[in-house]
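Using this note's numbering, you'd call the opening residue of the sequence shown number 953 and step up by one each time. From the three backbone atoms N, C-alpha and C, an ideal C-beta is built for every residue, glycine too.
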Amino acid sequence: MSKSSVAAVTDLHATTDIAAVQTAATDRVPVTILGLGPMGRALAGAFLAAGHPTTVWNRSPGKEGDLISRGAVRAATAADAAAASPLVIVCVLDYDAVHAILGTVGDALRGRTLVNLTADSPARARETADWAAEHGVDYLDGSIMTPTTTIGGPSASVLYSGPTETYTRWAPTLAHLGGAANHLGTDPGRAAAHDIALLDFFWTSMHGLVHALALARAEGITAAELAPHAKGISAILPDIIDHYAAQITAGENPEEDAILASATTSISHIIHTARAHGLDTSALDTTTAHFRRALDTGRDVVAAMSNSTTD
């Protein structure tokens, strides 16, 4: 992009009438991306592909990749970047990084909308929403549930939470990130809560897969041999998820004591074999303890995850 083109786009950003933009058609609204890690670059790329004037900023220079040649404007400071657009999206490592950035922008965000797509805890999402309210900033929190390669395409999935009016106003613009977008409610921590719970499921499942592959290898079974059977096991998960969700929501125990007792015995066989091969069994030991607690207390298996005796 030529210097004159950069200057023209920069001037357009600087003179944006936020109220006018927010009530106009949103397909060409200027957007700012704070943070140019792999996901930040993917977000900026999706908005550029959709025709949005896009300003980018990163704490460490040189992370823009091909974004500048594609038409993005590089801001000198986070405050300049925030002032450039009515919609500002931040996607960095964690909320410590978010607040370090917010501490430098001053009043540049006032009257704008901040969409925080940084992964962290629900409590910190709510704290950031409080900061935004105190500084005259509309705020949405969000969680990106799919990898960078999906952004801008039909398989992308992003969860949002925060004021309904704010989400509704910006949904057409955010839709350019692709795929499914879900507004989960007005509690700003709700998207992060879903994210944490879903990642809990994902990473404990990944641990189970890796442990199973290690156990199989110890018994002379290759990963390639086990994989088709592992996929067969995973195919039954959707029905199990639906069953557990329905039963727990209804306040009922999804497993009878006999089934829990059988599961506990089955896990003991896994533990015995794994220990014989010198494999770590701490996750399986914990699972066994939870199942036994459910049997001993009569609580459902979800309640038995709590260390409290009153849940």
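Residue 1125 has its alpha-carbon roughly 7 Å from the corresponding atom of residue 981.
Here residue 1094 is buried. Its C-beta has 16 or more other C-beta atoms within 10 Å. In this structure, residue 1136 lies near residue 1143, with their beta-carbon atoms less than 8 Å apart. When the five nearest sequence neighbours on each side are left out, the beta carbons in the same chain lying within less than 8 Å of the beta carbon of residue 1062 are those of 1087, 1088 and 1089, in order along the chain. In this structure, residue 1024 keeps its C-beta atom at 8 Å or more from the C-beta atom of residue 1033.
Taking C-beta atoms under 8 Å as the contact rule, residue 1006 and residue 996 qualify, at a distance of about 5 Å.
Pairing residue 1203 with residue 1242, the inter-Cα distance amounts to about 18 Å.
A contact between stretches requires three or more CB pairs, one per stretch, nearer than 8 Å, and the segment 1166–1176 meets this requirement with the segment 1227–1234.
Counting only residues of its own chain and dropping the five nearest sequence neighbours on each side, residue 1105 has a CB closer than 8 Å to the CB of 1130 and 1131. The beta carbons of residue 1067 and residue 1039 sit about 7 Å from each other, so the pair counts as a contact at 8 Å. Counting along the chain, residue 1148 sits inside the alpha helix (DSSP H) bounded by residues 1142–1170. Here residue 986 carries a strand assignment [DSSP, helix/strand/coil].
Apart from the 5 residues on each side of it in sequence, residue 1077 sits with its Cβ closer than 6 Å to the Cβ of 1093, 1140, 1141 and 1144 in its chain, given in chain order. Per the DSSP secondary-structure output, residue 1112 pairs in a beta bridge with 1094 and 1135.
Beta bridge pairing from DSSP links residue 1026 with 1008. When the Cα atoms are used, residue 1002 and residue 1041 turn out to be separated by approximately 16 Å. By the neighbour-count criterion, in which 16 or more other beta carbons inside 10 Å mark a residue as buried, residue 1189 falls on the exposed side.
DSSP places residue 1065 in the strand class (E or B) of the three-state scheme. Counting along the chain, the unbroken beta strand (DSSP E) around residue 1040 starts and ends at 1039–1042. Residues 1141, 1144 and 1145 of the same chain have their beta carbon placed closer than 6 Å to that of residue 1074, with the five preceding and five following residues left out of the count. Distance from the CA of residue 1082 to the CA of residue 1224, rounded to the nearest whole angstrom, comes to 51 Å. Judged by DSSP in its simplified three-state form, residue 1016 adopts coil rather than helix or strand. Sixteen is the threshold: since fewer than 16 other Cβ atoms of the shown chains lie within 10 Å of the Cβ of residue 1056, the residue is exposed.
Taking the Cβ atoms as the reference, residue 984 lies roughly 4 Å from residue 1037, within the contact range of under 8 Å.
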